[in-house]
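Colleague: Numbering (mature numbering (1 follows the signal peptide of the UniProt record, and there is no 0)), first residue to last: -22 to -1, 1 to 947. For glycine and all other residues, C-beta sits at the position ideal for the given N, C-alpha and C. Take this structure first; my questions come after.
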C-alpha cells in the first residue's frame, strides 16, 4: 500500500528535519508556526497578523488553498503581530483599533514576544523527571486496574502510596481502565508513578491542574513535588511556542465588529490593517434533560451538571455566547405512544443504542423537538417526522435517554441532527461529534485535507485558545509517541514526536480539555451554519435577529409560521415571544382531534430557560387550557385535524413558571379529551451563560440542606446531613444549629461535627435528658468565591418512640461488563447506602451462569476470576443483598463473557474480511488478513461496518478498540 507523507519532505530535501527533536538545542524554543507570507499590513511596518478566538486565523495571507473560519463578532480576540523586519529586543509596538466611524476604540502597548501566551499543560516551573530503575509495585492486571475506575478522588492511589514510594502502571489490550486520578495535596511528596501503555485504548491521567493522554506506545512518569505532580513531558513541552518574534494584545469583545481596523506602530513606522472579515455574533442554546422511560434515568449526564464543562466546550466553537439550560430529570413510569398505545411495563419493540420506539418517538421527537418547538411558539404538529421541526435557530436539545424494552434496559446515544443530540457520554468526542452533525457536518468532511490537523505550513492547521485561562490549545498530543497521523493512504508526520490529532467529525479525541478540537475546515462549515440561523433577541423588535451579509450586521428577523390550525392554509402568523430566558414549564403530549385514540398529557417538563408566547393563531375547535394561580386560564389553539394518518397530533407549549400553572386540559369541540394536575418544579434549576468576557458562568449560589428527616433516637449515634446538592462556583459550607428553635432537648448538649463540610454529623451524648420527640433545625449557609451567599434549613426529628426503619438501598456495580474468557472483573457494592445511617452487611450470590468462586462474598468489593469456566459465550448474573439488621434490599448486575477463539483450520471466525462486510453486528467474529481475529462488540458495533474503523485501516488505535476486541493472531 502506497502512503504519501505530506509534511517534513521539503525540510528533508533541504538537509534539515522539521520534526527532529534531536536536532534542536535543548535550550532553544520549539516554534510551531514558522511561516513567512506577504505582509498583511500596508505602510512602512510590514508584518503578518493573525487573530485568535476559538482558533488561530490568518488575517489576510495564508497557505494556498486553505479553508479557515473568520472572526466572530463580539468575542474577545487576541491579535498576533509578527514584524517582517528585525526589531531589537525590548522594542515597543503599540496597537490602535478604530471602528467603522474611524473612532479610536482601543489603544495599548503590545506584549513582547517573551510574553506570548503559553500552552495548556505547560508548567511555570520545569523539572527534569526520570523514571526510577525499579519500582516498589507494578500493576498490570485488569482486576487491579479496575480499582482506579470511578475513583475521582484518587483514593486507591492514596492507599497504594501509603505503602509504596514508586508505582508502575501498565495497560495493554484486555488490561485497561479509562481514567486515572492522582490524589491532590502535599502528602505525597517525592512519590513517583510511571504509566506505560501497550493498549489500543487511550487512557487519561488527571491530576489537580492538568490532564495527560496516555496513548498506545507512550510512557509518562510523574513525581509529586510540593504538592504538584510534575511529569517527564514537562521539560520538552515547556519549550514549545506558537510563534517567535511575535507581539500580542488581547482586545475586548465589544469592539470586534464589522469595520474594525488596526494600526501597529514602532518608533516612526506604522502598518495599517483594514477590510477585515468579521462575521456574525453567533449564539448557541443547549437545553439539557435526562430521560428515563419505564426505568429511572441514568443520572450520568455530566455536562448538564457541571458549568466547567460548558466553559470548556465554549472554547471550541465560533460563538459569542453559549447558553446551557437545565431541565429536571424525567422518570416516565408510563409512556403513551402517538398510535395510542399506553406502555406501563416495557416497550414491546427491540431497543439498542440506535433503535427503539421510545428512543425515536418519545426521547427525540416528543421531548427534544417538543422543547425546541415550544420555544419557537409552535403549539402543535405532527408526531412522527423530524420535518415538523423548523430548526430556525441554533437551539438544540441534548439528552441522555434510557428505556426498558422487550430485550431489557437499553441506553441510547451516538446520535445527533435536526436540533437533537442523543448521548451515552456527554464528556469527550461523542459530545463534540454529535453536535457537529447538528452543525451540518458529516464524517471525515473534506477528506484528508479537512479531517486531519496539520503542521503550520500545510492546509487545515490551527491551534485553539482557552480565552478564560489565556492558554493555547495545540492540535497535537502532549505525549511523545513519534506516530504519524494517516487517513486514506495519506499521512502527516508528528511534530517533534507529538502526534497530530483528527477533527471531532473524523474520529478525533480530546487533547487538553474534555472536548475535541474541530479542524479549520470543520470550523468554516460550522460558522456557516451559525450565520444562517436566527438568534433569540429580546432587543429586536421581532424577538429574533439574523445576520445580514450585505450590511454586515444583525437585522430583525420575522418568525413567520403557518396559521393552518383550522384547515389547509397558506396564511402565516408572526410569532414573537413576550418574554425570553425565563423559567418555563414545557407541556408535551398527544391529542386526537378524531377522538378515536386516548389523548395524553405528560408530566410538566420544568426548565430553567425558555421563551413564552401569547396565542395569536386562528381560533380552533381544539385547544389546550392551562390554569395558573397568577395568570388565570391561558388558552392555546391546536390543529383541529389529524396531521398524520393513523397517529395523534403532538402538542408542545411553554408556560412561564412565574404564573404557577397547576392544571391543564385538552378540549376538542367542547369535549374534554384529557386533563392533568401539574406539579411544580422539585428543584432549583440553573442556566449557564458563557461568554468570552471574563468567562462568566451565570450560575447562582444555591444552598440545599437536603430533605427533612424523621429517625429513631439513639444516644451517641451520629446522624448525617447532606448538603452536596448545593451549587455554585468554589462554594464554602457552614452548618449552624438554630438553637432557639430546638425542641425536646437542651440545644447546648447537641454535638455538631464537620460543620464546614457538605456532610456534617450530629449526635446527642448519652445521659442527656430528652423528650419523646426531638426537633433540631440546622441551617446551611454556602458562600461563593465572590462572597455571595445563600442559606437553607433542614429539620432533623428524632423520636424516642418506634419509628419505621428505612430499608437500605443496594447498588451492585461491575468495573467491566463485557469480558473475555479468563479475564478478571470486580463486583462493587460501595455505593449501597442506608438513609438511617445504619451499618450494613453485604452478601454476594451468583444467580445464573456457570458457577464461579466468590471469595469474600460478604465484602463490599470482590474480584472474580473466570479462568475455571468453560470457554463459551455466557452471561453471569450476580445479586448483592444488603441488610441493616431489620430490612434488606437486593440489586443485580450482569457480566457478558465472550469465548477466546482457538483458531485452527478455519479463518478464525464467522467471516474472513471482506466476506460479510456490512452485516457485522455485536458478537460477530471476523478474521482480518494481516491483523488477526477480532470480535465486533458493544455500543459502537455499527462502526464495524465502516472501513475507517477497521484494524489495519483505522486512523488511530482508539478508533479500533471502541468496537473491535482482539482475540488472537
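May I ask you to verify whether the stretch 803 to 821 touches the stretch 859 to 868, counting CB pairs closer than 8 Å and requiring at least 3?
Modeller: yes
Colleague: Mapping DSSP to helix, strand and coil, what is residue 369?
Modeller: Taking the first residue of the chain shown as position 1, residue 369 is located at position 391. It is coil, neither helix nor strand.
Colleague: By the three-class DSSP mapping on this structure, what secondary structure does residue 450 have?
Modeller: Locating residue 450 in the chain shown gives position 472, counting from the first residue. In the structure shown, residue 450 sits in a strand (DSSP, three-state: E or B).
Colleague: Less than 6 Å between C-beta atoms, sequence neighbours within five positions excluded: which residues of the same chain meet that for residue 560?
Modeller: If you number the chain shown from 1, residue 560 lands on position 582. Answer for residue 560: 634, listed in chain order.
Colleague: Should residue 349 go down as buried or exposed, given a rule of 16 or more other Cβ atoms within 10 Å for buried?
Modeller: The residue you call residue 349 lines up with position 371 of the chain shown. Classification of residue 349: buried, given that the 10 Å Cβ count is 16 or more.
Colleague: Could you check the C-alpha separation between residue 252 and residue 296 for me, to the nearest Å?
Modeller: Within the chain shown, the letter at position 274 stands for residue 252. Within the chain shown, the letter at position 318 stands for residue 296. C-alpha separation (whole angstroms): 22 Å.
Colleague: I'd like to know whether the C-beta atoms of residue 904 and residue 927 end up nearer to each other than 8 Å.
Modeller: Position 926 of the chain shown, counted from the first residue, corresponds to residue 904. Position 949 of the chain shown, counted from the first residue, corresponds to residue 927. No, these two residues do not count as a Cβ contact at 8 Å.
Colleague: Does DSSP put residue 166 in a helix, in a strand, or in coil?
Modeller: On the chain shown, position 188 is the one that residue 166 refers to. Helix at residue 166.
Colleague: Find out if the Cβ-Cβ distance for the pair residue 276, residue 378 is shorter than 8 Å.
Modeller: As a working note, residue 276 is residue 298 in the chain shown. As a working note, residue 378 is residue 400 in the chain shown. In contact: residue 276 and residue 378 (Cβ atoms closer than 8 Å).
Colleague: Counting along the chain, where does the beta strand (DSSP E) carrying residue 690 start and finish?
Modeller: Here residue 690 is taken as the residue at index 712 of the chain shown, counted from 1. Boundaries of the beta strand (DSSP E) around residue 690: 687 to 690.
Colleague: In its own chain, which residues sit with a C-beta less than 6 Å from the C-beta of residue 217, not counting the 5 before and 5 after it?
Modeller: Start at 1 with the first residue of the chain shown, and residue 217 comes out as number 239. Excluding residues within five positions, the ones whose Cβ falls inside 6 Å are 7, 8.
Colleague: Per DSSP, which residues does residue 207 bridge with? Please list them.
Modeller: Here residue 207 refers to the residue found at position 229 when the chain shown is read from its first residue. Answer is 202, bridged to residue 207.
Colleague: What is the DSSP secondary structure of residue 726, counted as helix, strand or coil?
Modeller: Residue 726 sits at position 748 when you count from the first residue of the chain shown. Of the three classes helix, strand and coil, the one that applies to residue 726 here is helix, per DSSP.
Colleague: Count the other C-beta atoms from every protein chain shown that fall within 10 angstroms of the C-beta of residue 508, then say buried if there are 16 or more, exposed otherwise.
Modeller: If you number the chain shown from 1, residue 508 lands on position 530. It counts as buried.
Colleague: Compare the C-alpha of residue 788 against each of 770, 795, 453, 821 and name the closest.
Modeller: Position 810 of the chain shown, counting from 1, holds the residue named residue 788. When only C-alpha atoms are compared, the closest one is 821.
Colleague: Rounded to whole angstroms, what is the Cα-Cα separation between residue 31 and residue 645?
Modeller: Position 53 of the chain shown, counted from the first residue, corresponds to residue 31. Position 667 of the chain shown, counted from the first residue, corresponds to residue 645. So the alpha carbons of these two residues sit roughly 52 Å apart.
Colleague: Bridge partners for residue 825 per DSSP, in chain order?
Modeller: Mapped onto the chain shown, residue 825 falls at position 847. As DSSP reads the structure, residue 825 sits in no beta bridge.
Colleague: Is residue 15 closer than 8 Å to residue 40 when the C-beta atoms are compared?
Modeller: Taking the first residue of the chain shown as position 1, residue 40 is located at position 62. Taking the first residue of the chain shown as position 1, residue 15 is located at position 37. Yes, they are a contact pair.
Colleague: Run through DSSP, which three-state label would residue 288 get?
Modeller: The count along the chain shown starts at 1 and reaches residue 288 at position 310. Looking at residue 288 - three-state DSSP - the assignment turns out to be helix.
Colleague: Which residue or residues does DSSP assign as beta-bridge partners of residue 870?
Modeller: Within the chain shown, numbered from 1, the residue matching residue 870 stands at position 892. Bridge partners of residue 870: 857.
Colleague: What are the residues that DSSP puts in a beta bridge with residue 842?
Modeller: As a working note, residue 842 is residue 864 in the chain shown. Residue 842 pairs with 803.
Colleague: Looking at residue 407 and residue 374, is the spacing between their C-beta atoms short of 8 Å?
Modeller: Within the chain shown, residue 374 is the residue found at index 396, counting from 1. Within the chain shown, residue 407 is the residue found at index 429, counting from 1. No, the Cβ-Cβ distance between residue 374 and residue 407 is not below 8 Å.
Colleague: Report the three-state DSSP secondary structure of residue 339 (helix, strand or coil).
Modeller: Reading the chain shown from its first residue, position 361 is the one you call residue 339. Note: residue 339 maps to helix in three-state DSSP.
Colleague: Exposed or buried, what is residue 493 when buried is set at 16 or more other beta-carbons lying within 10 Å of its beta-carbon?
Modeller: Within the chain shown, numbered from 1, the residue matching residue 493 stands at position 515. Residue 493 is buried by the Cβ-count criterion.
Colleague: For the beta strand (DSSP E) containing residue 460, list its first residue and its last residue.
Modeller: As a working mapping, residue 460 is identified with position 482 in the chain shown. It is not in any beta strand (DSSP E) - residue 460 carries neither H nor E in the DSSP assignment.
Colleague: What residue ranges within the stretch 214 to 282 form continuous beta strand (DSSP E) runs of no fewer than 3 residues, ordered along the chain?
Modeller: 225 to 229, 239 to 244, 247 to 251, 261 to 271
Colleague: Compare the C-alpha of residue 468 against each of 426, 453, 393, 847 and name the closest.
Modeller: Start at 1 with the first residue of the chain shown, and residue 468 comes out as number 490. Looking at the Cα atoms, 426 is the closest of the given residues.
Colleague: Would the beta-carbon of residue 289 fall within 8 Å of that of residue 19?
Modeller: Taking the chain shown and counting its residues from 1, one reaches residue 289 at position 311. Taking the chain shown and counting its residues from 1, one reaches residue 19 at position 41. No. Outside cutoff.
Colleague: Note down, in chain order, each residue of its chain lying with its Cβ closer than 6 Å to the Cβ of residue 621, except the 5 sequence neighbours on either side.
Modeller: Position 643 of the chain shown, counted from the first residue, corresponds to residue 621. Same-chain partners within the cutoff: 360, 627.
Colleague: Could you say which of 174, 143, 148, 155 lies nearest to residue 165 if we only look at CA atoms?
Modeller: Against the chain shown, residue 165 aligns to sequence position 187. Among 174, 143, 148, 155, the Cα nearest to that of residue 165 is on 143.
Colleague: Can you tell me which of 602, 856, 606, 312 puts its alpha carbon nearest to the alpha carbon of residue 870?
Modeller: On the chain shown, position 892 is the one that residue 870 refers to. When each option's Cα is compared against that of residue 870, the closest is 856.
Colleague: Could you compute how far the alpha carbon of residue 182 sits from the alpha carbon of residue 505?
Modeller: Here residue 182 corresponds to residue number 204 of the chain shown, with the count starting at 1. Here residue 505 corresponds to residue number 527 of the chain shown, with the count starting at 1. Distance between the alpha carbons of residue 182 and residue 505 is about 30 Å.
Colleague: Do three or more CB pairs link the stretch 758 to 768 to the stretch 740 to 750 at distances below 8 Å?
Modeller: no
Colleague: What is the DSSP secondary structure of residue 356, counted as helix, strand or coil?
Modeller: Against the chain shown, residue 356 aligns to sequence position 378. Three-state DSSP puts residue 356 in coil, outside helix and strand.
Colleague: Answer yes or no: do residue 483 and residue 422 have a C-beta to C-beta separation smaller than 8 Å?
Modeller: Start at 1 with the first residue of the chain shown, and residue 483 comes out as number 505. Start at 1 with the first residue of the chain shown, and residue 422 comes out as number 444. Against a cut-off of 8 Å, the Cβ pair of residue 422 and residue 483 comes out as a contact.
Colleague: Looking at C-alpha atoms only, which residue of 854, 22, 258 is the closest neighbour of residue 528?
Modeller: Locating residue 528 in the chain shown gives position 550, counting from the first residue. Minimum Cα distance to residue 528 is reached at 258.
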